[in-house]
Amino acid sequence: MRLIAPDLLEESLGLSLAIQVGVLLVGLMLWFGGYRWHRFWIVLGVTAFAGLLGLASGRAIGGQVLVFGMLLAVAGGMLAMELARLLAFTIGGFAAWVAVHSLLPHAQDLSVAFLIGGLMGIFLYPLWIMTITSFVGTLFTWYGGLGILVKFTKINAMTLANDRVAMLNAGIALATILGVILQGWLERRLRGKPHGSSHGTGHGKKADTADSDSASTGKESRVKWPGRPPRLVRNIRDLFSTRESR
Numbered sequence: 086m087r088l089i090a091p092d093l094l095e096e097s098l099g100l101s102l103a104i105q106v107g108v109l110l111v112g113l114m115l116w117f118g119g120y121r122w123h124r125f126w127i128v129l130g131v132t133a134f135a136g137l138l139g140l141a142s143g144r145a146i147g148g149q150v151l152v153f154g155m156l157l158a159v160a161g162g163m164l165a166m167e168l169a170r171l172l173a174f175t176i177g178g179f180a181a182w183v184a185v186h187s188l189l190p191h192a193q194d195l196s197v198a199f200l201i202g203g204l205m206g207i208f209l210y211p212l213w214i215m216t217i218t219s220f221v222g223t224l225f226t227w228y229g230g231l232g233i234l235v236k237f238t239k240i241n242a243m244t245l246a247n248d249r250v251a252m253l254n255a256g257i258a259l260a261t262i263l264g265v266i267l268q269g270w271l272e273r274r275l276r277g278k279p280h281g282s283s284h285g286t287g288h289g290k291k292a293d294t295a296d297s298d299s300a301s302t303g304k305e306s307r308v309k310w311p312g313r314p315p316r317l318v319r320n321i322r323d324l325f326s327t328r329e330s331r
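According to the numbering used here, the sequence shown is numbered sequentially starting from 86.
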C-alpha cells in the first residue's frame, strides 16, 4: 500500500512554490493542533467537499451550477458538527476494513470489522480525531515538503516514491504517532492550571466572597435614610461603630 501516491505526487510537483508552501503550513497546523481546532477543520472540510459536490452535481443536472454549489456548501457547513460523529464512524469503519483486508486478503465478510472500527471511532472520538488530523497533516507536509525540495535541490521525488515505499510508509506512520502524542500534550497543557493551584484559588475566591458578603451585610444592617440623616443620629451611629471596633 502506497501512502505517497506517485500520480498525486506528480500533480503536486507541478504546483507553484506559494501553493506548496501553503500546503506545507496547513499540514503542520493539522499535524500539531488538529484536535485543538478540529471544529474549524471539520466545518471547513465538509463545506469545501459539499461545495465541490454541488458544482459537480449542478453540471450533471444542467441547473444553476453556482447557486446549487453555494447552497449545498452552506448546508454542509451548518450540518458539519452534527455529521462529525457519523464521519468518525464511517472513517473508523473504513480504516478497520482496510487494515483487516491488508492483513487477511482472503477474508470474505469484513462487515464485522467495519462495525467494530466505526464503534471504536465513536467511543474514542478525541483520540480518533487526533489520529485523523495527524495523518492528514503528515500527508500534506510530505507532499508540500517534497515539492519544495525538488525546486531547491536535485532530489528525484518520483524515484523516491517508487523505490522507497516501505521507508516512506514507516516515516508517515512514525510522524502520525508523534503528532498524536504532541496533540495530546498540547490539549492537556492548554486545558488550564494544575489541580492544586485551581483548588487553592477556589478557596481564595470563597474567602473573598465571604468577606465581601459580610461587609455588604454590615453595610445593609445600617439604617438607610432617604436623605442626609440628622446630626444627632450620625453622632450616635459613629459612637456605636467606634465601640464595636474596639
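Every residue, glycine too, gets a C-beta built ideally from N, C-alpha and C. Since the model is a prediction, treat every value here as computed from it, not as a measurement.
Please report the distance separating the alpha-carbon of Ala158 from that of Asn241. 39 Å
Buried/exposed call for Leu231, threshold 16 Cβ in 10 Å: buried
Suppose you measure from the CA of Tyr228 to the CA of Leu172; what does that come to, to the nearest Å? 24 Å
Pick from Gly112, Ile201, Phe174, Arg249: whose alpha carbon is nearest that of Ala260? Gly112
DSSP three-state assignment for Ala133, whether helix, strand or coil: helix
Burial state of Met215, where buried means 16 or more other Cβ atoms lie within 10 Å: buried
Could you say if the region 248-259 and the region 204-211 meet the contact criterion of at least three C-beta pairs nearer than 8 Å? no
Could you check which residue in Leu164, Gly154, Leu151, Phe225 has the C-alpha nearest to that of Ser97? Phe225
Whole-angstrom distance between Leu267 and Phe117, CA atom to CA atom: 6 Å
Determine the direct distance from the alpha carbon of Ser219 to that of Ile262, and round the result to whole angstroms. 8 Å
In angstroms, rounded to a whole number, what distance separates the CA positions of Ile217 and Ala181? 13 Å
Own chain residues within Cβ distance below 7 Å of Val131, not counting five before or after: Gly161, Gly162, Ala165, Leu168
Is Pro190 helix, strand or coil when you go by DSSP? coil
I need the DSSP call for Tyr210, collapsed to helix, strand or coil. helix
With burial defined as no fewer than 16 other Cβ atoms inside 10 Å of the residue's Cβ, what is the status of Gln193: buried or exposed? exposed
Gln149 - DSSP class collapsed to helix/strand/coil: coil
Under 8 Å by Cβ, that's how I've got Leu109 and Ile233 pegged, so tell me the actual separation to the nearest angstrom. 7 Å
Please report how far the alpha carbon of Phe335 lies from the alpha carbon of Ser196, in whole angstroms. Given a span of 86 to 331 for the chain in the structure shown, any question on residue 335 remains unanswerable.
Simplified DSSP assignment, three categories, for Gly99: coil
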